[in-house]
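Below: the structure, in structure tokens.
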Amino acid sequence: MNRQKITLPDHDAVIFDMDGTLVDSMWMWKKIDIDYLKRYGVAAPHDPQQIETIQKEIEGMSFTETAIYFKEKFNITDSLEQIKQDWNQMAYEIYCTKVLYKKGALKFLEHCKANGKKLGVATSNSRELVDAVGKILHFDRYFDCIMTSCEAKRGKPAPDVYLAVAERLGVEPSRCLVFEDLSAGIKAGNAAGMTVIAIEDDYSKDMRQEKIELAEYFINDYEDLAL
């Protein structure tokens, strides 16, 4: 059965969150968090509900904000820079060997470029990891601006990173579309005055209804879009 296609409103730029939105990578982070805590002698929470609580509390945080959270919550003695470096090392190989574009994303990017749209990435991930993903998936072919929440100084749901990308693209926020997979990111796009399209992801399937209510549109994948 053919799915009903969504026609997007008129726009000049499209800005994507990265993990869970542009690439299929959210599945790896829960395991990395648990493995990290075990690796450094911290008793990792075994209660699934407790793990879910941690994931919810760090939702949307910048890489640095997440490191602060872990350092304070679990009394980790390492510096923030060391914590982030360890996470980068744990995630790097997975990003370079197992992470792919979400279904239909590449075709949509090519469509946008062919139609003169400016493209940006606004991610909560680290610069090191987004650059690694970009090299493997050839982001330079598509994106005019890539910015992290650390560079914007505040993580989502604050709108800072989306507003900063729009400014670099030279496009008014009201002329930007945002694609997001998490509620905090949708709230950030809304706060920036942009039109937000929520995308389905297994990691956030429990917040599907909340995402539908927060966003202007909801898609299962990029093949839901009328091109």
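The opening residue of the sequence shown carries number -3 in our numbering; numbering runs sequentially from there. Note that beta-carbon positions come from the ideal geometry of N, C-alpha and C, so glycine has one too.
inquiry  = So, for residue 53: in the same chain, excluding its five sequence neighbours on each side, which residues have a beta-carbon less than 8 Å away from its beta-carbon?
reply    = Counting only Cβ-Cβ distances below 8 Å, and skipping sequence neighbours, we find 65.
query = Going by other Cβ atoms of all chains shown within 10 Å of its Cβ, with 16 needed for buried, is residue 141 buried or exposed?
reply = Per the 10 Å Cβ criterion, buried.
inquiry  = Buried or exposed, going by whether 16 or more other CB atoms sit within 10 Å of the CB of residue 186?
reply    = Residue 186 comes out buried.
inquiry  = Spatial neighbours of residue 105 within its chain, please: C-beta separation below 6 Å, excluding the five flanking residues on both sides.
reply    = The answer, listed in chain order, is 138.
query = What is the C-beta distance between residue 229 and residue 193, in whole angstroms, given that I count them as a contact (C-beta under 8 Å)?
reply = Beyond the ends of the chain as shown, which are -3 and 223, falls residue 229; an answer cannot be given.
request  = Decide if residue 215 is buried, meaning its Cβ has at least 16 other Cβ atoms within 10 Å, or exposed.
outcome  = The residue in question, residue 215, is buried, as its Cβ has 16 or more Cβ neighbours within 10 Å.
request  = Below 8 Å CB to CB, which residues in the same chain sit around residue 7 once its five sequence neighbours on both sides are set aside?
outcome  = Around residue 7: 113, 171, 172, 173, 191.
message = Using a Cβ distance threshold of 8 Å, determine whether the region 147 to 156 contacts the region 80 to 95, with at least three qualifying pairs required.
response = Two segments are said to touch when three or more pairs of C-beta atoms, one from each, lie closer than 8 Å; by this definition the region 147 to 156 does not touch the region 80 to 95.
task = Sort out for me which residues DSSP pairs residue 19 with in a bridge.
result = BP columns for residue 19 point to 15, 97.
task = State the DSSP-derived secondary structure class of residue 56, mapped to helix, strand or coil.
result = Reduced to three states, the DSSP call for residue 56 is coil.
Identity of the residue in 177, 189, 219, 84 nearest residue 204 by Cα = Closest option to residue 204, judged by alpha-carbon separation, among 177, 189, 219, 84: 177.
query = Near residue 265, what residues of its chain come up, given a Cβ to Cβ distance below 7 Å and the 5 sequence neighbours on each side ignored?
reply = In the structure as shown, the chain starts at -3 and stops at 223, and residue 265 therefore has no counterpart that could be examined.
ask   = How many angstroms separate the CA atom of residue 110 from the CA atom of residue 38?
value = CA-to-CA, the gap between residue 110 and residue 38 works out to about 50 Å.
task = Indicate whether residue 180 and residue 143 have their beta-carbon atoms separated by less than 9 Å.
result = Cβ distance not < 9 Å, so residue 180 and residue 143 don't count as in contact.
query = Are the Cβ atoms of residue 218 and residue 103 separated by less than 9 Å?
reply = Yes, they are a contact pair.
query = To which residues of the same chain is residue 132 closer than 8 Å at the C-beta, ignoring the five residues directly before and after it?
reply = Cβ neighbours of residue 132 beyond the five flanking positions: 91, 92, 95.
request  = Please work out which residues of its chain come closer than 6 Å, Cβ to Cβ, to residue 169, disregarding the five sequence neighbours upstream and downstream, and give them in chain order.
outcome  = Only 162, 188, 189, 190 meet the Cβ criterion.
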